[in-house]
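Let me begin by presenting the structure, written as structure tokens, before commenting on it.
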Amino acid sequence: MWARTAAEMHDPKGERVTVRAEVGLGAITKPVDVVLMLNVHMWLVKQGGREFADALLREIAETGAGLYFQTAKQAAGKEYPWLDGADKQADYLSECGFQRVEKLRTTGAHGGVRHMFFAVADLESFDYAC
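First residue of the sequence shown: 1342, per the working numbering; consecutive thereafter.
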């Protein structure tokens, strides 16, 4: 399983910023400050299996990057018991190697309850100013 996209944007100062989106083991390499995994985890599990999704999260944790994570599990039914509720989702991220997992918010804007988290694996080296 592999997918890659890239976009070029400009930051508020007018400097060019390249945004990459890649999915696949080995896709997340340094330097990476933050990874966005918003409402795609369920699809990673469906397409690649839980082992693939777990390995990808572990790989993200190993880079030391911050992770914004939200899953569409609530829309998926009982297929994903390890993601049933905010506490289990936070525990799951911890099991995948993230030392600090903070729930940012819960929303119903997508037609179901979804929890958003920010997670960091390496508290010593993560630069919160990035």
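C-beta: ideal position from N, C-alpha, C; glycine also. Note that the coordinates shown come from a computational prediction; the quantities given were computed from them, not determined experimentally.
Helix, strand or coil: how does DSSP classify residue i here?
| i | result |
| --- | --- |
| I1439 | Before going on, a small fix: residue 1439 reads as Phe here, not Ile. Coil at F1439, not helix or strand. |
| Y1421 | coil |
| E1392 | helix |
| A1344 | Its pLDDT being 42, under 50, A1344 is placed unreliably by the model, and the measurement read from it follows with that caveat. It is a strand residue. |
| D1432 | helix |
| A1402 | helix |
Residues bridged to residue i by DSSP?
| i | result |
| --- | --- |
| L1377 | Y1409 |
| M1457 | Q1411, R1446 |
Out of the options, which has the shortest C-alpha to C-alpha gap to residue i?
| i | options | result |
| --- | --- | --- |
| E1392 | Y1433, A1406, M1457 | Y1433 |
| F1410 | K1387, H1451, N1380 | N1380 |
| A1406 | L1424, L1377, G1453, V1454 | L1377 |
| V1454 | E1465, Q1430, E1436, C1437 | Q1430 |
| E1443 | E1465, M1383, A1427, V1373 | A1427 |
| H1382 | Y1421, T1448, G1367 | Y1421 |
Looking at residue j and residue i, is the spacing between their C-beta atoms short of 8 Å?
| i | j | result |
| --- | --- | --- |
| A1462 | E1403 | yes |
| A1394 | L1385 | yes |
| R1446 | M1457 | yes |
| A1413 | F1439 | no |
Is residue i near the ligand FAD, judged by its Cβ being under 7 Å from some heavy atom?
| i | result |
| --- | --- |
| T1404 | Of ligands this structure carries none, so the ligand FAD is not represented either. |
For residue i, which residues in the same chain have their Cβ closer than 7 Å to its Cβ, ignoring the five residues on either side in sequence?
| i | result |
| --- | --- |
| L1424 | T1412, K1414, Q1430, Y1433 |
| V1435 | Note on identity: in this sequence residue 1435 is Ser, with Val being the wrong assignment. Excluding residues within five positions, the ones whose Cβ falls inside 7 Å are V1442. |
Residues in its own chain within less than 6 Å of residue i by CB, not counting five upstream and five downstream?
| i | result |
| --- | --- |
| L1398 | C1437 |
Might you give, ordered along the chain, the residues of its own chain that have their beta carbon closer than 8 Å to the beta carbon of residue i, omitting 5 neighbours on each side?
| i | result |
| --- | --- |
| V1375 | A1406, G1407, L1408, Y1409, C1471 |
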